[in-house]
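Student: Counting from 343, one number per residue, gives the positions in the sequence shown under our numbering. Just so it is clear, CB atoms sit at the ideal spot from N, CA and C, and this is done for glycine as well. Sharing a structure with you now.
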Amino acid sequence: MKLRYSEMENGIRLLKLSGALDLAGTRSIEVEFVRRCAGENARVLVDLSKVNYISSIGIPLLINTAKSLSLRNGRMVLLNPQRNVADVLEMTGIPLIIPTFNDSAAAVSALTK
């Protein structure tokens, strides 16, 4: 699992994940992922387009980080999950907790409201 971080010109933090968000993948990015989402009023866009697998181990990383952001007046959205990843997210109810988009403009708009 790889994590690439950048900041968009509107202050949104972009986290691009690639690989498998399984036990090994989650462990390899967890500290940096949480660190990149830290702070007050953080707006985080997590690009899942290159995540080819997500297990039950990776889901709490997303949920717990999104909840932590919410407690600090921040927000997280997910972008472009592959079909198999989207299916797992849907089965576990993630889109009810973390808005999920297939359109980057809509994802950015949700973070800038």
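1. Can you tell me the Cα-Cα spacing of Val-450 and Pro-423, whole angstroms?
2. Taking only the alpha-carbon atoms, compute the straight-line gap between Val-386 and Lys-409 and give it to the nearest angstrom.
3. Please say whether Gly-353 and Gly-361 have beta carbons closer to each other than 8 Å?
4. In terms of residues, what are the limits of the alpha helix (DSSP H) holding Lys-455?
5. Starting from the N-terminal side, write out each stretch of the beta strand (DSSP E) that is 3 residues or longer and does not extend beyond the segment 356-426.
6. What does a CB cutoff of less than 6 Å around Gly-400 pick up in its chain, not counting 5 residues either side in sequence?
7. Using only the alpha-carbon positions, how far apart do Arg-425 and Asn-383 sit?
8. Need the endpoints of the alpha helix (DSSP H) that Ile-439 sits in, please.
Tutor: Looking at the atomic coordinates:
1. Val-450 and Pro-423: Cα-Cα distance of roughly 16 Å.
2. In a straight line, the C-alpha of Val-386 is about 12 Å away from that of Lys-409.
3. no
4. It is not in any alpha helix (DSSP H) - Lys-455 carries neither H nor E in the DSSP assignment.
5. 385-396, 417-421
6. The answer, listed in chain order, is Leu-363, Thr-368.
7. 30 Å
8. Start and end: 436-439.
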